[in-house]
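The opening residue of the sequence shown carries number 1 in UniProt numbering; numbering runs sequentially from there.
For glycine and all other residues, C-beta sits at the position ideal for the given N, C-alpha and C.
Contents: one structure, followed by commentary.
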Amino acid sequence: MIEQLKELRLITILLILGGLVHPLLNYQLSGQDNAELLMGKAKEYSQIYDFDNAIETLERASSLYLKKQDSLNYFFARIKVASQLAKKRSFEEAYSVISGIINRNENSQILLEAYITKAEILRLSRKWPEVLETLNSTSRFMDGNSYKGVLGIARSKVIQGKTEAATGKFTEALTSLTESLAIYDSLNLKPELAQVYYELGRVNSMNSDPNNALIHLNKADLINTAVASSKKSFFIAKVYSQLGMAYSQLGMYPNALQELFKATDIARELNPESEELIIALTRISGVYNDMEQPKEGISSMKEAANLAELIYGQNSLETIATYRALGRAYLVDGVYNGAYEIARKNALASYNKALELLKTHFPEEQKNLATLTYDIGTVELYFGNADEGLRLMANGLEIAMKIPFGFKPKATKLANDLAVAFLSKPEGPQPDSAMKYFQKALVASTKNFKSELLEINPQIDDVVTTYEFYRAIIGKSYSMDIKYEIEPKTELLTYAFDATLIADSIANKLRELPLGYTNKTILNSGIAESQHYAIRIAHKLFEITADYKYAEFAYTFFEKSKANQAFFDLNPPDIPKSYIDQEEAIGKELSLLETLVYTKESKIENLDNRKLKDLKERILQLNKQLLGLRQKIKRDFPNYYSLKYNNNYLNIDETREKLLGDKELLLNYNIFGRSMYSFRIDKSGFDFIKHLDGSDSTLFKYIDQFTRQLKRPGSTPQNISEMKSSSSKLSELLFTDSLDFSRYNKVTIIADGILHKIPFEVLLTKGVDAELEDHDLPFLIKTHDVRYATSATSLKQLNSSKKHSGQKVLAFAPLFNIKSTNNPSNFDSTRATMGNLAYTQGEVTAIKDHFDTKLLLDLEATERAFRKNASDYAVVHLATHGIIDEENSLYSRLLFSPFDQDSISDGYLNMREILGLDVPANMVVLSACNSGSGKILSGEGALSIANGFFYAGAKSVIMTHWTANDNSTANIMGAFYSYLAKGQTKSQAMRNAKLAYLRENDGLLAHPYYWAHFTVNGDDSPIVKAGIAWYYWIIILLISIGVIGLMIRRKKTALSLTE
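If you want it as structure tokens, here you go:
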């Protein structure tokens, strides 16, 4: 045998050098050895998708086995022939071969392999019910106590999982694949493990769960790299291609293209006429479409379509799919590049070709018929033929609605998109038609709900497709609101209001979905938009009915929309990953089991009653586990818990009673798009006000002008005049004429959206004379203490949280200028552009005049020192530079001295790191540049460094709005601490510090640029309890006088007795 193999290797090498293509096929050896080599070679052909040569080689091997009368291996070779015929899409031949084997055999090993292969052939030919029937037949040949039997179970589970995924049963598919994974893992079959991880990733992507898709696909890549003999295979090309799909779903398009190009490179090298190349090219086209680069998308898609027709011919669903995707690329090209008539012609040509092929060769394919009909309608609609487009889209939807449950998620999306199309008609929205199709979407996305009556809504427990249901219920509410504007019937608003209540409950479920930060941010913005619709509807009903419940409902949404959901969506570093993973795992299992119970109760799947009872008991157990886990998080990580799970939002009465003093006014704003509402609340009552209705864009213009003017000192009379004008106009928009400030001495501001950019202290409380100087303008700060809060609910939490018992201050004033150090190794190009702040040392040193202070100056002011000491002080003061990352506020950062560094303490403290710290200070002062600036997200407020410190445990934060003058900053801070030491609240101390500055400066230096950048945020209680010190000494003095007097009287009494 050894000599034969040596001879074979030598001759093979000589034949390859001689240029022969298939040396093994031209070299004959007799006997078993040659057949085995042929089987191996057939496997190699199959791996590079050369199915013709694989089949020819297997035929030769089976002939050799037959000559040897080796019936077992003969039938195994014939089974593989059937498998290769199916991969080649020669399904009739494959059925013929495999049926002949099954009919001619009684051997259980052969029948097991034959039935599994038959199930795979049926799956490839999309005969889903027959796949499951065949797998049921296979089970009788599986011996769970034998190796091959257990292996057969695992293979069957993989086929079952693929089939379930293809029919839209994603939770069941994940269960089947996970069961196969456990078997392969127990048998230590690494290549099979990699295959199953790939399939899990693919199903995750199909189920719109790209984060878990990436986890599973990367595991597949890792395992394959460890065991594969070659780094280039069609399997790894499939993994790269699916990774590209997952990245695309996350909106990470450069990453997606990188993976997809890797897939195409491998596919072209292995076999330039392969299915994997078609799939990767199609996905590349989709990514380019999403990137608004349709020309590249068309080029990629044309190549895919030509290749599909070459490989499969026109009698193929794969070819049909490529023409459909090409139509999509042409449509996108028309959207972004104009040339509408050409784009419409090309898009319709591609779509209609796909439709023609579908009707000719696959008339039973109702899913593809529905989506293609709908797509053609979309083209007609977009390119101006609205009536025809809407008709075709409606036809496509009707087909989709008749398809069994597995297609309902797609039908729901089609119905929602069609409803939106009616709202977007060029001649104006058609709310009646929109409501009709939003109602159809509600029917498609729920179980046990069939009503077409618009005033009827499903039960929340019946919702199956959560996100599309949310779109539908909000869309219906919005459409009813539009209908009300046309036909003002109060019941329309009442129905719309009822729909928003359901939407609110669904929004809570959506926030718990395991999405990545990017998708969560998009979701939160969408929820904020829907909450604003709810506020608008509630305001209309409140004006019509004067019913308090509508105002209360709107106020709750004001509070909800300001919750900083983005923080907990990050899985902040102070929460052990095991908690997050456990929570997500329980959530996923609950979702799976609830779906299984539904399929039983809906008679979609057969399940015996005992099994159903077990499932329900397991659901109860999981709910108890989830409750216990959340209680543990509440105990160990209260900051995280209060952000993520707190639903105890303050209502109007609680805000009045628990937050406000007798002469305090709270202004709570909600802004979305061009609309703005507010609540004004004081001890005596509230007002619910509409400031802007969405048709006026002047607010944004004035805010832009005003913030630019504030950050640039007025150097000319014209600049000063413009600033006064902007302030006056903003004051009119934000305060309105009805607001009487004379009733109050303190104002709490809860801003929203773009309003976070404004220091309200610089707004005017009354009209102004054009001749007034900055020094004399009636700024709000002149007459009122002003403080800010994220929300009324968060303010209550801050007020009630445990305060630091001490009064000690930790103050930092770092060194930035590298040239002033003698350590060249610490050179940093970012710091090199940062000058040292001339007055910061004086600023922090002055604090010592009023408080017991630990100063860390120059080289001592390091990030490591901050991390070590920050949790031990009642006040933390940072006089340093801040760098704002406008694209991702999580990486906005504070600068420390570049010394005593390591991998954690690098001298840059970003907000992402701050979230993981424990800084339970009563007050954090950020006299740094732009510490209050940050990316503004709908429903999230400004994601600023200051908010990071609130999450880390600070009770209040003093922050800045723009790059400040360090001299005026030092003066204001010195005065601020002197007033704090006298027992004043933070807002009182800040107001008095600013007024003291204005008394000492006039002209140019009185411009708000020099003093308005500081704002007080959060808890406003004093650092030093007002009056405690002098009261204490008076008591001591009185007691001392009393004691001395008593002693004198006793002494006198004793003397008199002696006498």
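How close, in whole Å, do the beta carbons of His216 and Tyr247 come, if the pair is a contact with beta carbons under 8 angstroms? The residue you call residue 216 lines up with position 216 of the sequence shown. The residue you call residue 247 lines up with position 247 of the sequence shown. Contact flag wrong, Cβ pair sits at about 14 angstroms.
Three-state class that DSSP yields for Gly516 in the structure shown: Within the sequence shown, numbered from 1, the residue matching residue 516 stands at position 516. Per-residue confidence for Gly516 stands at a pLDDT of 44, beneath the threshold of 50, marking its modelled position as unreliable; the derived number appears in the next sentence. In the three-state reduction of the DSSP assignment, Gly516 falls in the coil class, being assigned neither a helical nor a strand state.
Give the DSSP-derived three-state secondary structure of Glu120 in the structure shown. Stepping through the sequence shown from its first residue, residue 120 is reached at position 120. Helix, per DSSP.
Can you check which of these residues, Gln841, Tyr669, Met39, Glu468, is closest to Asn73 by C-alpha distance? Counted from its first residue, the sequence shown places residue 73 at position 73. When each option's Cα is compared against that of Asn73, the closest is Met39.
If you draw a straight line from the C-alpha of Tyr27 to the C-alpha of Ser90, how long is it? As a position in the sequence shown, residue 27 is number 27, starting the count at 1. As a position in the sequence shown, residue 90 is number 90, starting the count at 1. Its pLDDT being 37, under 50, Tyr27 is placed unreliably by the model, and nothing is read from it.
Let me confirm a value: Gln69 is counted as buried when at least 16 other C-beta atoms fall within 10 Å, else exposed. Which label applies? As a working mapping, residue 69 is identified with position 69 in the sequence shown. So Gln69 counts as exposed.
Whole angstroms are fine: how far does the CA of Ile958 sit from the CA of Ser791? For the purposes of this step, residue 791 is taken as residue 791 along the sequence shown, with counting starting at 1. For the purposes of this step, residue 958 is taken as residue 958 along the sequence shown, with counting starting at 1. Roughly 17 angstroms separates the two Cα atoms.
Once you ignore the five residues that flank Lys711 on each side, which residues in its own chain have a CB closer than 6 angstroms to its CB? To locate residue 711, count along the sequence shown from 1; it is residue 711. The residues are Trp962.
The segment 777-796 contacting the segment 657-674, beta-carbon criterion three pairs below 8 angstroms: yes
For Ala434 and Ala419, believed in contact at Cβ under 8 angstroms, the rounded distance: In the sequence shown, residue 419 corresponds to position 419, counting from 1. In the sequence shown, residue 434 corresponds to position 434, counting from 1. With a Cβ gap of about 4 angstroms, Ala419 and Ala434 count as contacting.
Using C-beta distances below 8 angstroms, list every residue in its chain close to Val158, excluding the 5 sequence neighbours before and after it, in chain order. Start at 1 with the first residue of the sequence shown, and residue 158 comes out as number 158. Correct list, in chain order: Ser176, Leu177, Ser180, Gln195, Val196, Glu199.
With three or more C-beta pairs closer than 8 angstroms as the rule, is the segment 334-345 touching the segment 299-315? no
Spell out a yes or no on whether the segment 744-756 and the segment 683-698 are touching, meaning 3 or more CB-CB pairs, one atom from each, closer than 8 angstroms. no
With DSSP as the reference, label Glu487 as helix, strand or coil. Start at 1 with the first residue of the sequence shown, and residue 487 comes out as number 487. Coil at Glu487, not helix or strand.
Cut-off 8 angstroms between Cβ atoms - residues of its own chain near Thr282, not counting five sequence neighbours on either side: Working through the sequence shown from its first residue, we reach residue 282 at position 282. Around Thr282: Ser300, Met301, Ala304, Ala321, Thr322, Ala325.
Three-state secondary structure (DSSP) of Thr960: As a first step, residue 960 must be located in the sequence shown, where it is residue number 960. Reduced to three states, the DSSP call for Thr960 is strand.
Got a sec? Which residues, its chain only, sit under 8 angstroms from Ile914 by beta carbon, not counting five neighbours each side? Position 914 of the sequence shown, counting from 1, holds the residue named residue 914. If you ignore the 5 residues before and after Ile914, its C-beta comes within less than 8 angstroms of the C-beta of Ile945, Gly948, Phe949, Tyr951, Ala952, all in its own chain and listed in chain order.
So, at 6 angstroms on beta carbons, what are the nonlocal neighbours of Ala154 in its own chain, with the 5 sequence-adjacent residues on each side left out? Taking the sequence shown and counting its residues from 1, the one referred to as residue 154 is at position 154. Excluding residues within five positions, the ones whose Cβ falls inside 6 angstroms are Ser180, Ile183, Tyr184.
Bridge partner(s) assigned by DSSP for Glu543: For this step, residue 543 is matched to residue 543 along the sequence shown. In DSSP, Glu543 forms no bridge with anything.
Taking 8 angstroms as the limit between beta carbons, can you name the residues of its chain near Ile586, skipping five residues before and five after? The sequence position of residue 586 within the sequence shown is 586, counting from 1. Excluding sequence neighbours, Ile586 sits near Leu622, Gln625, Leu626, Leu629.
For Asn992, which residues from the same chain have a beta carbon less than 6 angstroms from its beta carbon, with the 5 sequence-adjacent residues on both sides left out? Stepping through the sequence shown from its first residue, residue 992 is reached at position 992. Counting only Cβ-Cβ distances below 6 angstroms, and skipping sequence neighbours, we find Tyr979.
Inter-stretch contact (C-beta, 8 angstroms, three-pair minimum) for the segment 359-371 and the segment 381-391: no
When the Cα atoms are used, what is the spatial distance from Lys43 to Pro129? Looking up residue 43 in the sequence shown gives position 43. Looking up residue 129 in the sequence shown gives position 129. Between Lys43 and Pro129, the C-alpha separation is close to 29 angstroms.
Contacting residues, own chain, Cβ-Cβ under 7 angstroms from Leu85 (five flanking each side not counted): Taking the first residue of the sequence shown as 1, we reach residue 85 at position 85. The beta carbon of Leu85 is closer than 7 angstroms to those of Ile55, Glu93, Ala94, Val97 in its chain, skipping five residues each way along the sequence.
Please work out which residues of its chain come closer than 6 angstroms, Cβ to Cβ, to Asp687, disregarding the five sequence neighbours upstream and downstream, and give them in chain order. For this step, residue 687 is matched to residue 687 along the sequence shown. The residues are Arg680.
Range covered by the beta strand (DSSP E) that runs through Met923: On the sequence shown, residue 923 is found 923 positions in, with the first residue counted as 1. Annotation: the continuous beta strand (DSSP E) that includes Met923 extends over 923-926.
Taking only the alpha-carbon atoms, compute the straight-line gap between Leu926 and Glu552 and give it to the nearest angstrom. If you number the sequence shown from 1, residue 926 lands on position 926. If you number the sequence shown from 1, residue 552 lands on position 552. Their backbone Cα atoms lie some 36 angstroms apart in a straight line.
Hey, how far is the Cα of Ser139 from the Cα of Lys295? The residue you call residue 139 lines up with position 139 of the sequence shown. The residue you call residue 295 lines up with position 295 of the sequence shown. For Ser139 and Lys295, the distance between alpha carbons rounds to 51 angstroms.
Thinking C-beta only, is Leu730 closer than 9 angstroms to Leu692? As a first step, residue 692 is located in the sequence shown; it is residue number 692 there, counting from the start. As a first step, residue 730 is located in the sequence shown; it is residue number 730 there, counting from the start. Contact: no.
For the segment 459-468 and the segment 477-494, state whether three or more C-beta atom pairs, one from each stretch, are separated by less than 8 angstroms. Under the three-pair Cβ rule at 8 angstroms, the segment 459-468 does not count as touching the segment 477-494.
Assign Pro814 to one of three DSSP states: helix, strand, or coil. By one-based count along the sequence shown, residue 814 stands at place 814. In this structure, Pro814 counts as strand in the three-state DSSP scheme.
DSSP three-state assignment for Ile633, whether helix, strand or coil: On the sequence shown, residue 633 is found 633 positions in, with the first residue counted as 1. In the displayed model, Ile633 falls within a helix according to three-state DSSP.
Please classify Gly661 as buried or exposed, where buried requires at least 16 other C-beta atoms within 10 Å of its C-beta. By one-based count along the sequence shown, residue 661 stands at place 661. Under this definition Gly661 is an exposed residue.
Where Thr225 falls: helix, strand or coil (DSSP): Here the question's residue 225 lines up with position 225 in the sequence shown. If DSSP states are grouped into helix, strand and coil, Thr225 belongs with the helices.
From the DSSP output, which residues share a beta bridge with Ser678? For the purposes of this step, residue 678 is taken as residue 678 along the sequence shown, with counting starting at 1. In the DSSP output, where bridge partners are listed per residue, Ser678 has Tyr669, Ile689.
In terms of alpha-carbon separation, which member of Tyr1009, Ser350, Asn368 lies closest to Val379? Mapped onto the sequence shown, residue 379 falls at position 379. Closest option to Val379, Cα to Cα, is Ser350.
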